[in-house]
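What follows is a short report on a single structure.
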Amino acid sequence: DQVEMSLQKIVFKASSTGRKQFLLDLNLYGEIDAGTSSWSLGSVGRCTLQLKKLMPSPEKWPSLLENGTKKTNMHIWWSKNEQYSKEFENESETDKNIE
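Residue numbers (the working numbering): 2 to 100.
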């Protein structure tokens, strides 16, 4: 199994024991730091990606993918989404208080 990450693209290649080949080619909404982003494989063919934005900001991307669509086998990790949403809100409030 192999994951290639670049500035605004992720390519995941895998094969099964039955010689099936899988390819997932994603064009991202924004730019990532491929050097500090990471990935890991889990059970039942699960692949988890942790992407680091190239330019960190409190802004949340409107979508992971550049065209706003979602692949049918992609899922949101809801507890992390909630955690980071709260962090974004806190950063926005802090920024407003500074101005």
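Ideal Cβ placement from N, Cα and C applies to all residues, glycine included.
When secondary structure is reduced to three states using DSSP, Glu32 falls in the coil class, being assigned neither helix nor strand.
In this structure the region 26-43 does not lie against the region 78-85, because fewer than three pairs of beta carbons, one per stretch, are closer than 8 Å. Between the beta-carbon of Lys14 and that of Asp2 there is about 7 Å, and that keeps the pair under the 8 Å contact cut. Residue environment for Ile77: exposed (fewer than 16 other C-beta atoms within 10 angstroms of its C-beta). Secondary-structure assignment with DSSP links Ile11 through a beta bridge to Met6 and Leu27.
Taking a contact as a CB-CB distance under 8 Å, the pair Ile33 and Leu8 counts as one, their CB atoms being some 7 Å apart.
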